Structure formats: C-alpha cells, structure tokens
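Enquirer: Quick one: this structure, given as structure tokens, is what I'll be asking you about.
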Amino acid sequence: MITQSRIKSSNPGRGTYDITRDLNACVSAAGVNSGLAHVFIHHTSASLIICENADPAVRSDLEAYMTRTVPDGDPLYRHSQEGPDDMPAHVRSVLTQTSLTVPIFDGRLALGTWQGIYLWEHRLEPHTRTLTVTIQSE
Amino acid sequence: MITQSRIKSSNPGRGTYDITRDLNACVSAAGVNSGLAHVFIHHTSASLIICENADPAVRSDLEAYMTRTVPDGDPLYRHSQEGPDDMPAHVRSVLTQTSLTVPIFDGRLALGTWQGIYLWEHRLEPHTRTLTVTIQSE
Amino acid sequence: MITQSRIKSSNPGRGTYDITRDLNACVSAAGVNSGLAHVFIHHTSASLIICENADPAVRSDLEAYMTRTVPDGDPLYRHSQEGPDDMPAHVRSVLTQTSLTVPIFDGRLALGTWQGIYLWEHRLEPHTRTLTVTIQSE
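Chains as they are written, first to last, in our numbering: chain B, 735 to 872; chain A, 735 to 872; chain X, 735 to 872.
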C-alpha cells in the first residue's frame with residue numbers, strides 16, 4: 735500500500751526547521767502501523783537532514799560549519815545570478831539530502847530519542863518549499 | 735509491485751552526466767502511475783546527485799568545489815595505487831549519494847522544475863558504470 | 735510485503751565497522767528473493783556509508799579526511815558538553831547517511847564487487863548502536 739501527499743513549508747530564510755510533526759501527521763493520516771515514510775524536497779537550494787533535536791546549539795553550530803566550509807560569495811563560482819548565497823545553496827544541498835526514508839513503527843516515525851527531521855533552507859530570503867511524502871505499508 | 739532493471743552508463747571520465755531520461759524510461763517501461771523509483775550505483779568511485787538542471791555552470795562550480803575540498807594527489811592518503819584521483823573518488827562518493835529515491839507521479843519522476851538526476855563520475859578515466867533501478871507501486 | 739527487524743551493534747569507539755553480513759542475515763531471514771533493503775541508524779553521532787571493502791587503507795584515509803575537515807575540539811562550536819568529539823560527530827553524521835537503501839537480487843544484497851556497508855562510529859568512546867532493517871518485496 736502506497737499513499738502520497740504533498741506539503742508546503744514556508745520559512746523566513748536560511749536555517750533549519752523541524753518538520754517531524756508534519757511528517758508524523760502524514761503517517762497518522764495514512765492510518766499505517768508499520769512500514770516506511772519517504773520525504774522528498776522538490777528543490778536544489780534547500781535540503782533535508784536528520785539531526786539532534788534537544789540542544790538548538792547543535793543546529794546553529796551546523797550552520798556555522800557550513801558557513802565556513804561553503805562560504806557565501808566565494809569567488810570560485812561562476813553561477814551567482816541570484817546572489818552570493820545562490821551557488822553555496824546548491825553545494826550545501828548536494829552535501830546533505832534531497833530525500834529521507836524513515837521506518838514507521840507503532841503508527842509513528844521510528845526515530846531515535848534525539849533525532850528530529852529538519853528542512854534546511856540554504857537561501858537567505860524567505861521561501862515556500864514543496865515536499866512529497868510517500869508512505870509504504872503492507 | 736516491484737520491478738527491477740539494470741542500466742549501463744558509459745562516460746568519458748570525471749564529470750556529471752544527466753541520467754534523468756534513462757530513469758524516466760524505466761518508469762515508463764514499468765507502466766507505473768504513482769509510487770517510488772530507487773536508483774543504486776554499484777560502485778564506490780562514482781556517485782549520484784540531484785542538482786540544478788538549467789545552468790551548466792552549477793555543475794562545473796560543483797566540480798570546482800569538490801576539486802578544492804577533496805583535491806587529487808593529497809599526501810594525506812595511503813590508498814593511491816590507482817593514481818592521484820583514486821582515494822579522492824572514494825571520499826567524493828561518501829560525501830554524496832550511492833542511491834536516490836524519487837517519487838513517481840502521473841507516470842513520471844515527480845522532480846521539481848529545476849531538478850535533474852546526475853551520475854557523478856569521480857575518476858579521471860572513462861568508465862562504464864552499472865546501476866539498478868527499482869520501481870515500487872501499488 | 736514488508737518485514738522489519740532491529741539490530742544492536744557494539745563498537746570500541748570511532749571507526750568504521752562492516753555490517754554487510756548482519757544485513758544479509760536479515761535478508762535471508764526474510765526469505766526474500768528480490769526487493770529492497772533499508773537500514774536506518776537511530777542516532778545522530780554515528781552514521782552509515784557504502785565504501786570500498788578491499789583495502790582497509792581506504793577507510794583509514796576516509797577517517798583521516800574527516801579528522802582534517804571536521805576536527806575535534808574546534809572552537810567554532812558552542813555544543814561541546816560531551817567533549818571535543820561531540821559536535822564533530824553530529825557534523826560527520828549530517829555529511830554522510832542516516833539510512834541506506836540497497837536492492838536485493840537472488841536473495842542477497844545486490845552490492846557491487848567492491849561495496850561494503852559500514853557503520854561509522856563518530857564518538858571516541860565505545861557505543862552500542864541500534865539499527866532498524868526493513869525488507870520490502872513483492
């Protein structure tokens with residue numbers, strides 16, 4: 735059994751945004767007890783990660799790491815039509831995930847205690863991102 | 735319902751090669767309306783990415799980024815039997831994807847407008863790479 | 735058809751540990767001929783990779799690369815309660831994989847000749863990690 739649904743997720747610009755609750759709502763709506771949940775983001779300048787969900791400093795440190803490793807305005811790039819954060823957003827997306835697959839157990843995402851699912855907006859400006867959630871069960 | 739097929743993809747050496755059309759051909763052949771497509775590359779020195787598909791500079795900038803971050807001939811490595819691009823190819827593969835899963839909708843890969851699927855050859859010499867495509871539907 | 739099982743994997747601390755055999759045991763136990771195997775690690779400071787399995791230097795070089803790129807004790811981070819390897823472990827996890835999906839063919843994981851599946855422990859101390867394996871077949 736496969737059910738698909740589409741989510742729109744708006745954000746105020748660069749940063750990580752917890753979408754765990756939205757995904758669990760899709761699992762509940764599908765009425766599935768066990769299986770797999772797949773979430774796909776239809777963009778190349780925002781991505782998905784599973785990350786520690788207890789201390790917000792983990793995610794700000796992660797942002798700091800990326801800012802240092804994939805700096806905005808890097809003269810290395812030719813693709814900069816949309817600004818200094820344009821090409822870095824594509825690199826950050828390629829280094830993280832465009833989709834995630836998570837087991838479902840007891841009617842919920844079977845995440846570890848400290849795991850949250852985050853949409854990582856890499857562009858500086860606010861964006862509305864589209865995601866497709868596919869739930870598979872017996 | 736699960737259908738599997740194998741693809742051979744030849745390339746002239748390091749670079750990114752669009753395989754979106756090959757994958758959509760597998761989806762069409764499976765006669766599937768909605769579901770998931772999974773593509774797996776059977777190698778550890780070539781990998782898969784989803785990337786911006788409009789401006790080729792995005793992919794040459796991505797190559798430039800990797801060339802700087804994971805340089806060939808790095809004295810850090812002991813594994814260099816096959817040349818200066820041997821170990822960097824393994825690192826690049828680990829930092830990107832060995833497989834991708836994409837939703838199928840209306841009989842096609844439900845990619846975003848600017849998303850393409852690329853095989854990233856990390857070795858300098860020409861290679862023929864093997865991929866397995868698995869299509870899941872109800 | 736979907737079958738799920740849980741694995742505990744203990745390690746002596748930072749390093750890569752081959753779990754291919756454990757996963758093939760799950761495939762055998764499921765009695766599946768063809769399909770997909772999904773493995774998920776329920777942690778954010780250990781991760782999964784598919785890597786060259788012939789020369790152990792590949793994995794020590796990979797460790798050397800990560801040690802240089804994501805160094806322990808980096809003053810960049812605020813999240814360091816659990817020690818100098820705490821935040822680097824989260825970054826390393828985000829740069830690699832929390833889950834992997836591999837085709838099953840002829841009753842076994844359809845890996846390439848040189849592909850092995852590894853649990854990458856990023857913390858220095860010994861840990862026991864929990865994984866969920868989900869097998870899908872027709």
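Here a beta-carbon is modelled for each residue, glycine too, at the ideal position from N, C-alpha and C. Because the structure is a prediction, the values reported are computed rather than measured.
Does DSSP classify Glu872 (chain A) as helix, strand or coil?
Expert: As a working note, residue 872 (chain A) is residue 138 in the second sequence. DSSP places Glu872 (chain A) in coil when its eight states are reduced to three.
Enquirer: What residue range does the beta strand (DSSP E) around His824 (chain X) cover?
Expert: One-based indexing of the third sequence puts residue 824 (chain X) at position 90. First-last for His824 (chain X): 820-829, but that is the alpha helix (DSSP H), not the beta strand (DSSP E).
Enquirer: Quick one: does Leu858 (chain B) have its CB under 9 Å from some CB of chain A?
Expert: Counting from one through the first sequence, the residue named residue 858 (chain B) turns up at place 124. So no, Leu858 (chain B) is outside the interface.
Enquirer: Within 9 Å (strictly less), CB to CB, does His861 (chain X) reach chain B?
Expert: Indexing the third sequence from 1 puts residue 861 (chain X) at position 127. No, because no Cβ of chain B sits closer than 9 Å to the Cβ of His861 (chain X).
Enquirer: Assign Gly841 (chain X) to buried or exposed, taking buried as 16 or more other Cβ atoms, counted over all protein chains shown, within 10 Å of its Cβ.
Expert: Position 107 of the third sequence holds residue 841 (chain X). Gly841 (chain X) comes out exposed.
Enquirer: Near Leu858 (chain X), which residues of its chain fall below 7 Å by C-beta distance, leaving aside the five closest residues on each side in sequence?
Expert: Position 124 of the third sequence, counted from the start, is the residue given in the question as residue 858 (chain X). So the qualifying residues of the chain are Gly747, Arg748, Asp819.
Enquirer: Check distances from the C-beta atoms of the stretch 801-832 of chain B to those of chain A and list, in chain order, the residues that come in under 7 Å.
Expert: Result list: Leu810, Tyr811, Arg812, His813, Met821, His824, Val825, Val828, Leu829, Thr832.
Enquirer: Using the Cβ count rule (16 or more neighbours within 10 Å means buried), how would you classify Leu810 (chain B)?
Expert: Along the first sequence, one-based indexing puts residue 810 (chain B) at 76. Result: exposed.
Enquirer: For Arg826 (chain B) and Ala763 (chain A), what's the separation of their Cα atoms in angstroms?
Expert: Taking the first sequence and counting its residues from 1, one reaches residue 826 (chain B) at position 92. Taking the second sequence and counting its residues from 1, one reaches residue 763 (chain A) at position 29. Rounded to whole angstroms, Arg826 (chain B) to Ala763 (chain A) spans 34 Å at the Cα level.
Enquirer: Compare the beta carbon distance of Thr868 (chain X) and His776 (chain X) with 9 Å and say whether it is the shorter of the two.
Expert: Counting from one through the third sequence, the residue named residue 868 (chain X) turns up at place 134. Counting from one through the third sequence, the residue named residue 776 (chain X) turns up at place 42. No; because the gap between Cβ atoms is not below 9 Å, this pair is not in contact.
Enquirer: For Ile784 (chain B), write down the residues that DSSP places opposite it in a beta bridge.
Expert: For the purposes of this step, residue 784 (chain B) is taken as residue 50 along the first sequence, with counting starting at 1. Beta-bridge pairing links Ile784 (chain B) to B:Ile851.
Enquirer: Mapping the DSSP letters down to three states, classify Pro790 (chain X) as helix, strand or coil.
Expert: Within the third sequence, numbered from 1, the residue matching residue 790 (chain X) stands at position 56. It is helical.
Enquirer: Closest to Ser794 (chain B) by CA distance: which of X:Arg812, X:Glu816, X:Arg793 is it?
Expert: Taking the first sequence and counting its residues from 1, the one referred to as residue 794 (chain B) is at position 60. Comparing Cα positions, the closest option is X:Arg812.
Enquirer: Roughly how many angstroms lie between the CA atoms of Asn758 (chain A) and Glu872 (chain B), to the nearest whole one?
Expert: For the purposes of this step, residue 758 (chain A) is identified with residue 24 of the second sequence, where counting begins at 1. For the purposes of this step, residue 872 (chain B) is identified with residue 138 of the first sequence, where counting begins at 1. Rounded to whole angstroms, Asn758 (chain A) to Glu872 (chain B) spans 26 Å at the Cα level.
Enquirer: How big is the Cα-Cα spacing for Ser739 (chain A) and Glu797 (chain A)?
Expert: If you number the second sequence from 1, residue 739 (chain A) lands on position 5. If you number the second sequence from 1, residue 797 (chain A) lands on position 63. Approximately 29 Å, taken between the alpha carbons.
Enquirer: Between the alpha carbons of His856 (chain X) and Gly765 (chain A), how many angstroms are there, rounded?
Expert: Mapped onto the third sequence, residue 856 (chain X) falls at position 122. Mapped onto the second sequence, residue 765 (chain A) falls at position 31. Roughly 43 Å between the two C-alpha positions.
Enquirer: Please report the Cβ distance between Leu865 (chain B) and Thr832 (chain B), rounded to the nearest whole angstrom; I am assuming they are in contact, meaning their Cβ atoms lie under 8 Å.
Expert: Position 131 of the first sequence holds residue 865 (chain B). Position 98 of the first sequence holds residue 832 (chain B). At roughly 10 Å, the Cβ-Cβ gap does not stay under 8 Å, so Leu865 (chain B) and Thr832 (chain B) are not in contact.
Enquirer: I need the boundaries of the alpha helix (DSSP H) containing Thr754 (chain A), first residue and last residue.
Expert: The residue labelled residue 754 (chain A) in the question sits at position 20 within the second sequence. Thr754 (chain A) -> alpha helix (DSSP H) spans 754-764.
Enquirer: Whole angstroms is fine: what's the gap from Leu853 (chain X)'s alpha carbon to Ala780 (chain X)'s?
Expert: Stepping through the third sequence from its first residue, residue 853 (chain X) is reached at position 119. Stepping through the third sequence from its first residue, residue 780 (chain X) is reached at position 46. Distance between the alpha carbons of Leu853 (chain X) and Ala780 (chain X): 7 Å.
Enquirer: For Gln738 (chain X) and chain B, any beta-carbon pair shorter than 9 Å?
Expert: Along the third sequence, one-based indexing puts residue 738 (chain X) at 4. It does; some Cβ of chain B falls within 9 Å.
Enquirer: Looking only at DSSP bridge pairs, what is Gln815 (chain X) linked to?
Expert: In the third sequence, counting from the first residue as 1, residue 815 (chain X) sits at position 81. For Gln815 (chain X), which the question treats as bridged, DSSP gives no partner whatsoever.
Enquirer: Spatial neighbours of His861 (chain X) within its chain, please: CB distance less than 7 Å, with the 5 preceding and 5 following residues excluded, ordered by chain position.
Expert: Here residue 861 (chain X) is taken as the residue at index 127 of the third sequence, counted from 1. Answer for His861 (chain X): Asn745, Ala780, Glu855, listed in chain order.
Enquirer: List the residues of chain X that Leu845 (chain B) touches, going by C-beta distances under 8 Å, in chain order.
Expert: Translated into the one-based positions of the first sequence, residue 845 (chain B) becomes position 111. Those are His776, listed as they occur along chain X.
Enquirer: Have a look at X:Gln870, X:Ala788, X:Arg863, X:Glu816 and flag the residue whose alpha-carbon is nearest the alpha-carbon of Gln849 (chain X).
Expert: Start at 1 with the first residue of the third sequence, and residue 849 (chain X) comes out as number 115. For Gln849 (chain X), the nearest C-alpha among the options comes from X:Ala788.
Enquirer: Going along the chain, which residues of its own chain have a beta-carbon closer than 6 Å to the beta-carbon of Asn767 (chain B), five neighbours each way excluded?
Expert: As a first step, residue 767 (chain B) must be located in the first sequence, where it is residue number 33. For Asn767 (chain B), where only same-chain residues beyond five positions count, the Cβ hits under 6 Å are Gly841.
Enquirer: What separation, rounded to the nearest whole angstrom, lies between the Cα atoms of Val828 (chain X) and Ile753 (chain A)?
Expert: Reading the third sequence from its first residue, position 94 is the one you call residue 828 (chain X). Reading the second sequence from its first residue, position 19 is the one you call residue 753 (chain A). Their backbone Cα atoms lie some 26 Å apart in a straight line.
Enquirer: Please identify the residue among A:Val792, A:Leu770, A:Thr830, A:Cys785 whose C-alpha is closest to the C-alpha of Thr847 (chain A).
Expert: Along the second sequence, read from residue 1 onward, the residue named residue 847 (chain A) stands at position 113. Here the closest residue by C-alpha is A:Cys785.
Enquirer: Does the separation of the CB atoms of Ile736 (chain B) and Gly769 (chain A) fall below 9 Å?
Expert: Locating residue 736 (chain B) in the first sequence gives position 2, where the first residue counts as 1. Locating residue 769 (chain A) in the second sequence gives position 35, where the first residue counts as 1. Their beta carbons are under 9 Å apart, which means Ile736 (chain B) touches Gly769 (chain A) by this criterion.
Enquirer: With a cut-off of 8 Å on the beta carbons, I'd call Phe774 (chain B) and Val792 (chain A) a contact; round off their distance for me.
Expert: Within the first sequence, the letter at position 40 stands for residue 774 (chain B). Within the second sequence, the letter at position 58 stands for residue 792 (chain A). Their Cβ separation, rounded to whole angstroms, is 20 Å, which puts Phe774 (chain B) and Val792 (chain A) out of contact at 8 Å.
Enquirer: Under 9 Å, Cβ to Cβ, is there at least one residue of chain B near Gly769 (chain A)?
Expert: Counting from one through the second sequence, the residue named residue 769 (chain A) turns up at place 35. Yes, Gly769 (chain A) counts as interfacial toward chain B.
Enquirer: Since Glu786 (chain A) meets chain B, which of its residues come closer than 7 Å, beta carbon to beta carbon?
Expert: What you label residue 786 (chain A) is simply residue 52 of the second sequence in a count that begins at 1. Going along chain B in sequence order, the residues near Glu786 (chain A) (Cβ under 7 Å) are Thr778, His824.
Enquirer: Distance check for Leu845 (chain A) and Thr801 (chain B), CA to CA, integer angstroms please.
Expert: Locating residue 801 (chain B) in the first sequence gives position 67, where the first residue counts as 1. Locating residue 845 (chain A) in the second sequence gives position 111, where the first residue counts as 1. C-alpha separation (whole angstroms): 28 Å.
Enquirer: Indicate the three-state DSSP secondary structure (helix, strand or coil) for Leu796 (chain B) in the structure shown.
Expert: Translated into positions along the first sequence, residue 796 (chain B) becomes position 62. Leu796 (chain B): helix per DSSP, three-state reduction.
Enquirer: Since Thr750 (chain A) meets chain B, which of its residues come closer than 7 Å, beta carbon to beta carbon?
Expert: Your numbering for residue 750 (chain A) matches position 16 in the second sequence. Those within 7 Å of Thr750 (chain A) in chain B number zero; the least Cβ separation is about 10 Å.
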